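Asker:
In structure tokens form, the structure reads like this:
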């Protein structure tokens, strides 16, 4: 089953454009990593990740 993903990337609140290939690679990698975490529902619809540099 093919799962379609949409990825939006913002750096300092400015959107960075990404093509479909990058969306698929990043989206599936993130979805796969997060989906196996304990407590994540199988039928999730959105994952939000925030990364801050310190």
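Residue numbers (the numbering used here): 1 to 54. For glycine and all other residues, C-beta sits at the position ideal for the given N, C-alpha and C. Here the structure is a predicted model, which is why all the values come from computation and not from measurement.
Just the C-alpha distance for residue 27 and residue 20, rounded to the nearest angstrom, thanks.
Answerer: Going by the C-alpha atoms only, they are around 10 Å apart.
Asker: List the endpoints of the continuous alpha helix (DSSP H) containing residue 49.
Answerer: Unbroken run through residue 49: none, as it is neither H nor E.
Asker: In chain order, which continuous runs of the alpha helix (DSSP H) of length 4 or greater are located wholly inside the stretch 3 to 40?
Answerer: Runs of the alpha helix (DSSP H) inside the stretch 3 to 40: 20 to 35.
Asker: In whole angstroms, give me the CA-to-CA distance for residue 36 and residue 45.
Answerer: 15 Å
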